[in-house]
Every structure is written in structure tokens, then in C-alpha cells.
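S.K.:
The structure is reproduced here in C-alpha cells:
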């Protein structure tokens, strides 16, 4: 108990001096994050060798493992994926085409805490969209639990949110070749009700901004770590008031739509692409002996 009280006092004093120091400057900074998503390799009744699973994982690595940069000041932030060259053999073929529909073509995410504004420029099948919406607030629950992340004391918070609609997942078991698999197709096409999942975040009050990676925000300090379902986002480096800072500009290009409107458009385009692929596969298979 005594140790906990001392820890709280030390953190409070650090926060006091840090806040006073930051208040004297035009405060801005950068945080660097690594994102990693694990993919379910359960293919139902299909027998897939470990070698084949590894091959699939290697090809999907560029989609499942990414690096991001968060530029922030006292009220704004811009979160964008770092550009990198594709490794030969990775991210190509059908997976890349579906990745473009399912979120990989999304642009930088702009958040303005003061104006409760979220903006994002997205490109979908050659068309530009500007997602313009209110910041979605999560009902964070503080646990009081702490841990050290680098030089920062981090506090734990949890919240429930709707699971992300987009993502890669193997389809259900396929019927026998040439057999009737209509029921399985119908089951796969049924709309699912929203699933709620728990999000765990770790934030530090030593950097007193309400910002974080992606759409995560609203805690009394910079969010350093997030765990959401099978995705983890970890902060690897922070720069405060350095020469490497950048000006944050609001995105403005593209047809203005809400987040729900954009999600609906993306789902419709994904369904169209899926039908085209199935049709092409059936036509291609018809000519085989």
C-alpha cells in the first residue's frame, strides 16, 4: 500500500513538471507505432499443411504487420501508415485486390479533439472519398493498474466497442467439389449482428494529450499501447518538440461521406468484386476437361 502511494506521488510530481514545461512551448510531437494482426488459420474441414499455412502468412505479412506515425499537438493529430516497398512475393494477387477494398487503401486519419472532428481521405476503386464524421467516444474504465513502457509510466483503461467490420478471415468449410453448396453460401452471406469486443489501452499522463493511434483517444494522456481483438498496436518511439515535427493539415479531397456511409459503399463494392470473381472462376472452370 505504501509503495502504491509513493508511486502515485512520483507520477503526480512528474506530470506537474512535465505539464509546466510543455505549457511554455508550442507543444507538438510524434509517436511511432507498430501494428500486428494475427490471422485465424482454421480452414474448417479443409486439410492445409503447415508449409502452406506459413506460405499464406508470409504473403499476408505486409497487410498484417504495419508501422505508423502519429503527429500531434494539444488539440489535433494525424495518424498515417509509413510507406514501404513491397517484398517480392508478398501482398500480390487476389489478396492485394481485396485488401484495397477492405481498408488497405485508407488514407491518414485526422482527429481534432477541440472540434470533435474525424477526417480521412480514402480511395476506393479509383474514386476519392472524404470521411467526415464526429469523433466516436469510448466509455473508458480506469483500472488503476500501471506498468512501465520505456521511460513512461502507463495506466490501464478498458472499453467495449463494436468489432471492426473489415478484415481477412477464411471462409467456412467448402462443400465437396461439384456438390451442392448453396446452403453454405447462404450462411456465409447472412448479415451478422454487431459484435462487441473489449479494448485495452495503456496511456501515460507524462504526455498530457487526449490522443492515440487510429480512432483511439479520450484518455488523460497519450495512448502508448492498444489491444483490440487479434490486433495489437505498440508505441516504439516518441519525439517531443523536435526538429522532426510536421505541420498538421486537415484532409479536404474527395466526396464527403459519413463513416457509416463509407462502410456501406465499401461493403457493396466488396460484394460486387466477390461476385465478379466467382463468375470468372466458374466460367474459367467450365472449359476444363
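In mature numbering (1 follows the signal peptide of the UniProt record, and there is no 0), the protein residues as written are -23 to -1, 1 to 266. Glycine included, C-beta positions come from ideal geometry on N, C-alpha and C.
Would you mind stating whether residue 192 and residue 98 have Cβ atoms separated by less than 9 angstroms?
M.R.: No, the Cβ-Cβ distance between residue 192 and residue 98 is not below 9 angstroms.
S.K.: Can you tell me which of the three DSSP states residue 240 falls into?
M.R.: Three-state DSSP puts residue 240 in a helix.
S.K.: Could you please give the first and the last residue of the uninterrupted beta strand (DSSP E) stretch that includes residue 104?
M.R.: Run containing residue 104: 104 to 111, per the beta strand (DSSP E) assignment.
S.K.: How long is the line joining the alpha carbons of residue 185 and residue 111, rounded to whole angstroms?
M.R.: If you take the alpha carbons of residue 185 and residue 111, they lie about 22 angstroms apart.
S.K.: From the DSSP output, in three-state form, read off residue 211 for me.
M.R.: Here residue 211 sits in strand by DSSP.
S.K.: Ignoring anything shorter than 4 residues, give me the alpha helix (DSSP H) runs that lie fully in the segment 13 to 62, in order along the chain.
M.R.: You should have 27 to 41.
S.K.: Taking residue 47 as the reference, give the member of 136, 38, 59 with the closest Cα.
M.R.: Cα-wise, what sits closest to residue 47 is 59.
S.K.: Just curious, the beta strand (DSSP E) that residue 199 is in, first and last residue?
M.R.: Note, residue 199: beta strand (DSSP E), 199 to 205.
S.K.: Ordered along the chain, which non-local residues of its own chain (more than five positions away) have a Cβ less than 8 angstroms from that of residue 105?
M.R.: Excluding sequence neighbours, residue 105 sits near 98, 99, 230, 231, 232.
S.K.: Can you look up residue 173 in the DSSP assignment and give me helix, strand or coil?
M.R.: Three-state result, residue 173: strand.
S.K.: If you drop the 5 nearest sequence neighbours on each side, which residues of the same chain put their C-beta closer than 6 angstroms to that of residue 176?
M.R.: The answer, listed in chain order, is 136, 138, 205.
S.K.: How would you write the range of the beta strand (DSSP E) that residue 345 sits in, first residue to last?
M.R.: Because the chain spans -23 through 266 in this model, residue 345 falls outside it and cannot be assessed.
S.K.: So, for residue 116: in the same chain, excluding its five sequence neighbours on each side, which residues have a beta-carbon less than 6 angstroms away from its beta-carbon?
M.R.: Within the same chain, residue 116 has close Cβ partners 136.
S.K.: Quick check on the burial criterion: 16 or more other C-beta atoms within 10 angstroms. Buried or exposed for residue 174?
M.R.: Residue 174 comes out exposed.
S.K.: Check this for me: beta carbons of residue 242 and residue 107, under 9 angstroms apart or not?
M.R.: No, these two residues do not count as a Cβ contact at 9 angstroms.
S.K.: So residue 12 packs on residue 210, CB below 8 angstroms; how close in whole Å?
M.R.: So it is a contact: roughly 5 angstroms between Cβ atoms.
S.K.: Assign residue 158 to one of three DSSP states: helix, strand, or coil.
M.R.: Residue placement at residue 158 cannot be trusted, given a pLDDT of 46 that sits under 50; the coordinates are not used to answer.
S.K.: Looking only at its chain, what residues have a beta carbon closer than 8 angstroms to the beta carbon of residue 256, apart from the 5 residues adjacent to it on each side?
M.R.: None.
S.K.: Here's a check: name, in chain order, each residue in its chain whose Cβ is nearer than 6 angstroms to the Cβ of residue 85, leaving out the five neighbours to either side.
M.R.: Hits under 6 angstroms: 55, 57.
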